[in-house]
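First comes the structure, then the notes that go with it.
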Amino acid sequence: MYDPELEENQNRADYDSPWKEALSVYFEPFMAFFFPEIHRDIDWTRGYEFLDKEFQKIVRETETGRRDSDKLVKVWRLNGEETWVLIHIEVQSQAQTVFAERMFIYNNRIFDS
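The working numbering applies: residue 76 is where the sequence shown begins, and numbers increase by one.
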């Protein structure tokens, strides 16, 4: 059976991976630039941890087609509380019909974990 979304995913250039790699290297400056209030609330002296395996488990359980490996990061707030931050970077040249649904499912699966 023809699936236009599947064909779109297979033909699309991979514009996301370089951005996600940069995020891995420059996570703290990224947070300072794009989310300064959140950046100020993170205890950077405790470091941070990318939860790639945990996020892949969450993503694998979705049924929305394309499964980008976005970044799920464990950080500690200044009050000592552990918090998970989901960063989604997606470079798109056209709309994707399941985008909103995929983000909704990711968010719910993280809270279920």
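Ideal Cβ positions, reconstructed from N, Cα and C, are used throughout, including at glycine.
Look at Thr172 here: in three-state DSSP terms it is coil, with no helix or strand label.
A direct Cα-to-Cα measurement between Lys149 and Glu157 gives close to 7 Å. For Ile113, the enclosing alpha helix (DSSP H) begins and ends at 111–116.
Using a 10 angstroms sphere on the CB of Lys146, the tally of other CB atoms reaches 16 or more, which defines it as buried. Contact between Ser99 and Phe130 is ruled out by a C-beta separation of about 13 Å, above the 8 Å threshold. If you look at Thr158, you'll find it in the beta strand (DSSP E) that goes 157–162. Across the structure, Ala170 and Phe179 are spaced so that their CA atoms are roughly 16 Å apart. As computed with DSSP, Arg152 is found in a beta bridge with Ile117.
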